Structure formats: C-alpha cells, structure tokens
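Engineer: Right, I'll just put the structure down here and ask away after.
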Amino acid sequence: MTSGHEFPPIGVILLLIISIITADKCADECTCKWKSGKRTVECVNRSLSSIPDTIDPETQVLDASGNDIRALPSSIFIRVSLTNLQRLYLRGCRIQQIDKDAFAGLTNLVELDLSNNRLSVIPSDSLIRAPFLRDLSLSHNPLERVVSQAFRTTPNLVKLDLSNAQIAEVEGNGFRGLESLESLKLNGNRIGTFQPGTFEPLNKIKSVELQDNPWICNCHLREMRQWMAKHNLPIIISPVCHGPDQLVDRPFTELELDDFACRPVMMIASRYAEATIGENASIVCRVSSVPPAKVKWFWNGKLLSNQSAFSSHQKIFIYEEGQFSKRSMLILTNAQESDSSEFFCVAENRAGSVEANFTLHVSLRTAGMSTLGSGQIAGISAALVVLILFILLIILVLFVRLRRMPVKEVKNATATLEVLPSDTNQDIGGGFPGSPSSTRKAEEAETTFNDSTKPVSLTLNYVQRTSVENNASDYVFEEARPVIHGPCFSSTTSLVPIDNPDLIRDTRTSIEELGSYATEHLGTIMMEDTRLLYSSLWNTRERSSPSYPGPNASGFGTKDIPANLTPIEQFPPGAKQLRVWQKGVPVLPPVSALKRVLGSTRSSPDEGYQEGTGTDV
C-alpha cells in the first residue's frame, strides 16, 4: 500500500541544495545561475575594480560588464581560480591596459568581449594566452589603425568585430593570420580605402559589414570589390561612396567593377617627333590607368582610326599594346613637309579623360648623323669620348716612357773610355800579367764609366806623330792596334796638327786657319777614321811581343812573321790612347766624354810637356 504523499527524487534534492549553497555564495557580489547549459556568474554594474575572488572555480561564463576594472594584471584569472572559463564578457569596464600574461590559464576560452573600453591598440601579445579563441569583439575602442599581423596570435578566430573603433587605416598585412575567419565587421569606422593584398588571407569569409565608412570608390578600392564578388558575399547594408565626385552617395550595389576607376595618367617622354620626307612618321603615346583606358588620336579636330586614309597617297595605322600600362603608336605613311602639325592623344575611362599634344616635324634631312635618333647619337658620342680618352692614355704612357728612356740607357749602357800609354816594345796588357810596370801603367791610364767587363772591340789610338816608321822589328805577335796615320788632334776644338810640344791646352787657332786646314785634310781624316773603326776585325787575336814571344813565335826575323799579322806602329813613350765601348759596339768618343777623360789625366797644363807627349788636351 502506497502512501498518499510522494517524496521528490534524491537527485532533485541534491541539486536544490547545491543551488542554495551557490546562491548564498554569490548573493553579495554576483548572480550565479545556469544559463544555456553553462554555469554562469553575472556581476554586471557592481562597481567592481577587479575580478571577484569569491566566484566558484567551476564557473564557465563570467559577465563582469559595466564595472571600473581599467586594467587586467598578469595571471589575474589564475589567482581567482577561474581557469575553467569559456566565455568572458568585459564590456564597458574602462579597460585601457592589458598585461601580456593577463589571460594566462584560460586555455578553454572561446569567446572574449572587450568592446566599449579604452584600448588604443589590439592586444596581440595578450591574446596568445587564449590559443582557441574563436570570437573576439573590440568594437567601440579608439584603435585608430590595424597594424600589420595584428592577429597573428589568433589563428582559430572565426568572428571578429572591429566596428566603431575609429579605424582609419588597415595595413597591407593587417588581416594576416585570419585564415579561418568567417565573419568580419568593419562598419562605423573612418576607412576610405584598402591597400593591395589586404583581403588575400580571408579565404573562408562568409559575411562582411563595411557600411558607414567614407569610401573613396576609385581604382584603389577596385580590388576589394573584386574580392567581394569573388566570394559572393551578401551585402546586408550597402556601403555608400563618398568620392570621387561622379560617384558621391552612390551605393556599392549600383556600381559595376569598372566604375571603381582612376583617371588615366600620361607618361610622356617627348612631345616632339621628327620624320624625313617620304618616310613613315611615328608618334608614341603611353598611358597608365585602372581600369584600362581607351586611347584615341585626333588631328585638326578629326578622329583618326586605324587603317584610315590620311590623304590620297597616305594612310594612318594605329598599334596598341599593354593593358593597364598601354602604349599606342600612330604611324603616318609617306610623310610630307605639309604634314608638320600637332596630333592629339586622348585617353579616357569612367574616371575621366586626359589628353596630350605631340608636334610632328617633317623635313628633308641628309644622310649621316641627322638620320640617327637621339639614342644613337648619344651612343656614338659616348664611344667617341671613350676613344679620345684611350688615345690620350696611350700618348701619356708613351710620353712617360720617352722621358725615362735616357735614364735607362745611361744606367744599362756599357760605355768605357781608356787612356792607354803606348810603348814601342809593349802594349798595355801585352806583357806578363804579373808585370808591375804594365799593371801600374794600366791603373794610371785606364778610366771607365762602370765596372762591367769590356767586350772585344776596336781600340782607337789618338797620338801625336809626324811620321810612320815601318821597320821589320816593329812587327809583333800581338793583336794589332790600328793607328791613325797622320797628325792626331787633341780635341774637337783644335782640328789642326800640333807640331809644338809646348802648346798649352787652351791655345786655339784662328777661324781662318781652321777653315783652310779643314778644306785640305778633313776628307783624309774621315777616311782614316773609317778604316780604323773596322780594321781590328781582320787582325789576329794571338798575343806576343819581341821580348816575350808567343807560342807560335820561332824567332825575331821577318821571315818568321805570319802573313796575317799587320805591323804595329811605334809610339812615343807615354802617349795617350782612347778606347770607347757602348753596348758592346765600338764607337768614337763623344766630345764631352773626351774632354772629361783626357782632362782628368793631368793635374796641370804643363804635365803633358813634362811627360814628353806634347798632346794638346
């Protein structure tokens, strides 16, 4: 038998007890309830300055809107044991500062509402602590701009509300990282245009709100309009154009894609064109515009079309290439001097038109430089400048080398002058190597410009003789030394024979005597010098003397003298001899060297006389 009274189930009783306990705990500051299957705590407009620390840790939804919190310090939700939150509403709490670790521990947070606060920047570094955040509202904050990659830390964001945030600029990569975004609200801001590529990351977008912005509907907004058409985005409230003038107050829904245009821009390199009579004249017009502009040509107010007749013997051809950067070329065949006039290029699109005039000058020009273009003339001029510089460089190098050449020859040349005392019985170097007399004489007589070894060369003997004695005893087995047959001259300044041994060096003959003597004897002297210059090439190189015969000598008579030997002349004791080598070739001594060498062998004007030479040096 059942009782007339039924008792509630035990589960209901327990739930009631928990509700009573919870209600008692939230009574002073907040309201705790179950809402939409979530444990919810509402602390709205309670003048709270911080997040309450008496809330149940199992709370999933916290609404603390309308308080005066102002700042969210580091790890605030860990300290109040609210790490189980899934939704957090902090609307109108005058928040202006959020620590980068303020949301630490909120790994389950999926919705965050920070609208109607005083945030001046998007808290990118703070949002990294809520990696699974899907819904973010930052509306009614003085953000002013969306910086590049501001949402890089929220890759799972699906809804983003940036409405009424005083945003005037969105940087090119401002939405980078929002690849999962489906809903975007940008209404109520101060945005007039977007940079290229701003919407490229938003591949999953399904709705966007752009109304209440001062849109400038020109070519810079064309990409956004193309993006909206590509994703087939519904426009609930159509944005309205605030410019340019022809599109003011016109909604997006009434505009075509080409209405988002910019006025064409002419890129003119030169307004002057030249042509030769009888040849084709060409004029080039370059235009940049978005969308592509239509280019037209006019002459004397008449529209010119492609392949149209310009006159009975002339035609017009128009060629175009490019799209947004277009190049239009007008060609006039068989140009005449009467065609010299102005042609007009007009480019237009829906944003407006622009024109430029070009002057054509047709003349009779001769071949050559006049037929070359400005670029060709510039190239030839540059080549000529380079060639001139190259020639100047070569001249400079040759000039430097020519200046250095005398110094180099003096340094390397082998020039040796020797003053050798001649003797009747013995030549220098003709005796034994150890002969003291020959060594002493060689040291006294020989003077050289360098220490290099003398080559085999001709020895010229400058001595004073009045006669030549050709005796058999004068033939020696020695290298024959050619001797000047006739008078010797002391220097180039004294060309007459010296017969007086007492003649002092500075004594000079008069000009009349010098001229008469040169007429009679100069030819003979030159022939003798030529014979002496090459005579040593025939002589044998065997060396001997009457006192010290060589290995081939058998006696001292003329019968034992070889046929190839020539006699050597007798010299007065102490006579001077000069030897000159230069680069291994025997040459006559220069006047300056002769004076210097012969002058250095005497210490006084009388020294020659004392030695018995009688030479005027």
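Here the sequence shown stands for residues -23 to -1, 1 to 594, numbered as in mature numbering (1 follows the signal peptide of the UniProt record, and there is no 0). Heads up, the beta-carbon is just placed ideally off N, CA and C, and yes, glycines get one too. In this text, all values refer to a predicted model and were calculated from it rather than measured experimentally.
Decide if K207 is buried, meaning its Cβ has at least 16 other Cβ atoms within 10 Å, or exposed.
Structural biologist: Counting Cβ neighbours within 10 Å, K207 comes out exposed, since fewer than 16 surround it.
Engineer: Grab me the residues of F321's own chain with a C-beta within less than 8 Å of its C-beta, minus the 5 sequence neighbours each way, in chain order.
Structural biologist: Hits under 8 Å: W274, F275, W276, E332, A333, N334, F335.
Engineer: Please state whether DSSP places T130 in a helix, a strand or coil.
Structural biologist: T130 falls in the coil class under three-state DSSP.
Engineer: Out of L139, S26, I53, D226, which one is the CA nearest neighbour of D45?
Structural biologist: Measuring from the Cα of D45, the nearest candidate turns out to be S26.
Engineer: Quick check: what's the CA-CA separation for N133 versus E159?
Structural biologist: N133 and E159: Cα-Cα distance of roughly 11 Å.
Engineer: Please determine, among D138, E177, N150, the residue with the shortest C-alpha to C-alpha distance to L187.
Structural biologist: Taking only the C-alpha atoms, the option nearest L187 is D138.
Engineer: Could you pull the DSSP bridge partners for L161 from this structure?
Structural biologist: L161 pairs with L137, V185.
Engineer: With a 10 Å radius around its C-beta and 16 neighbouring C-beta atoms as the bar for buried, classify T36 as buried or exposed.
Structural biologist: Classification for T36: buried.
Engineer: Please report the distance separating the alpha-carbon of R304 from that of S157.
Structural biologist: Answer to the nearest angstrom: the Cα atoms are 43 Å apart.
Engineer: I need the straight-line Cα distance from K271 to L161, nearest angstrom please.
Structural biologist: Answer to the nearest angstrom: the Cα atoms are 37 Å apart.
Engineer: Helix, strand or coil for V440, going by three-state DSSP, please let me know.
Structural biologist: Below a pLDDT of 50, predicted positions are generally treated as unreliable, and V440, at 42, falls in that range; the measurement from the model is reported next regardless. In the structure shown, V440 sits in coil (DSSP, three-state: anything other than H, G, I, E or B).
Engineer: With H, G and I counted as helix, E and B as strand and the rest as coil, what does DSSP make of C7?
Structural biologist: Looking at C7 - three-state DSSP - the assignment turns out to be coil, as it is neither helix nor strand.
Engineer: Candidates N118, T310, P228: which alpha carbon is nearest A286's?
Structural biologist: The shortest Cα separation from A286 among N118, T310, P228 belongs to T310.
Engineer: Would you identify the three-state DSSP class for K77, choosing helix, strand or coil?
Structural biologist: It is coil, neither helix nor strand.
Engineer: So if DSSP puts W274 in a beta bridge, which residue, or which two residues, is it bridged to?
Structural biologist: DSSP lists L281, C322 as partners of W274.
Engineer: My guess is that C196 and V267 are in contact by the Cβ rule of under 8 Å, so how many angstroms apart are they, rounded?
Structural biologist: Correct: roughly 4 Å between the Cβ atoms.
Engineer: Is the beta carbon of L67 sitting closer than 9 Å to the one on F54?
Structural biologist: Going by C-beta atoms, L67 is not nearer than 9 Å to F54.
Engineer: Consult DSSP for V124 and reduce its assignment to one of helix, strand or coil.
Structural biologist: DSSP places V124 in coil when its eight states are reduced to three.
Engineer: Enumerate in chain order the residues of its own chain whose CB-to-CB distance from D400 is below 6 Å, with the five nearest sequence positions on each side excluded.
Structural biologist: Model confidence at D400 stands at a pLDDT of 44, short of 50, so the residue's coordinates are unreliable and nothing is read from them.
Engineer: Judging by CA-CA distance, which residue of V225, G255, Q126, N150 is the nearest neighbour of L341?
Structural biologist: If we check each option's Cα against that of L341, G255 comes out closest.
Engineer: Along the alpha helix (DSSP H) that carries Q291, what are the first and last residues, could you check?
Structural biologist: No alpha helix (DSSP H) contains Q291, which is instead part of the beta strand (DSSP E) from 291 to 298.
Engineer: State the start and end residues of the unbroken alpha helix (DSSP H) segment that holds E88.
Structural biologist: It is not in any alpha helix (DSSP H) - E88 instead sits in the beta strand (DSSP E) that spans 88 to 90.
Engineer: Could you give the first and the last residue of the continuous alpha helix (DSSP H) run that contains D102?
Structural biologist: Unbroken alpha helix (DSSP H) run through D102: 101 to 104.
Engineer: Report yes if the C-beta distance between P29 and A48 is below 9 Å; otherwise report no.
Structural biologist: Their beta carbons are not under 9 Å apart, which means P29 does not touch A48 by this criterion.
Engineer: Decide if T84 is buried, meaning its Cβ has at least 16 other Cβ atoms within 10 Å, or exposed.
Structural biologist: So T84 counts as exposed.
Engineer: Run the CB neighbour count on N164, radius 10 Å, all protein chains shown included, and call it buried at 16 or more, exposed below.
Structural biologist: So N164 ends up on the buried side.
Engineer: Count the CB pairs spanning the segment 229 to 237 and the segment 190 to 204 that are closer than 8 Å, and state whether there are at least three.
Structural biologist: Judged by Cβ distances under 8 Å, the segment 229 to 237 makes contact with the segment 190 to 204, as three or more pairs qualify.
Engineer: Can we say the segment 246 to 255 touches the segment 288 to 295, given the rule of at least three CB pairs closer than 8 Å?
Structural biologist: The segment 246 to 255 vs the segment 288 to 295: no contact.
Engineer: Below 9 Å between beta carbons: does that hold for R106 and A145?
Structural biologist: Going by C-beta atoms, R106 is not nearer than 9 Å to A145.
Engineer: Just the C-alpha distance for V38 and L110, rounded to the nearest angstrom, thanks.
Structural biologist: When rounded, the distance between both Cα atoms is 14 Å.
Engineer: Assign V18 to one of three DSSP states: helix, strand, or coil.
Structural biologist: In the structure shown, V18 sits in a strand (DSSP, three-state: E or B).
Engineer: Looking at the structure shown, is R304 part of a helix, part of a strand, or coil, going by DSSP?
Structural biologist: Correct three-state label for R304: strand.
Engineer: Considering A252, what are the terminal residues of the beta strand (DSSP E) in which it resides?
Structural biologist: Looking at the DSSP string, the run of the beta strand (DSSP E) that includes A252 is 249 to 253.
Engineer: With a Cβ-Cβ cutoff of 9 Å, do P216 and F229 count as a contact?
Structural biologist: Contact: yes.
Engineer: Taking the C-alpha atoms as reference points, what is the distance between E314 and S259?
Structural biologist: Going from the Cα of E314 to the Cα of S259 covers about 14 Å.
Engineer: For R16, which residues in the same chain have their Cβ closer than 6 Å to its Cβ, ignoring the five residues on either side in sequence?
Structural biologist: The answer, listed in chain order, is E35, T36, Q37.
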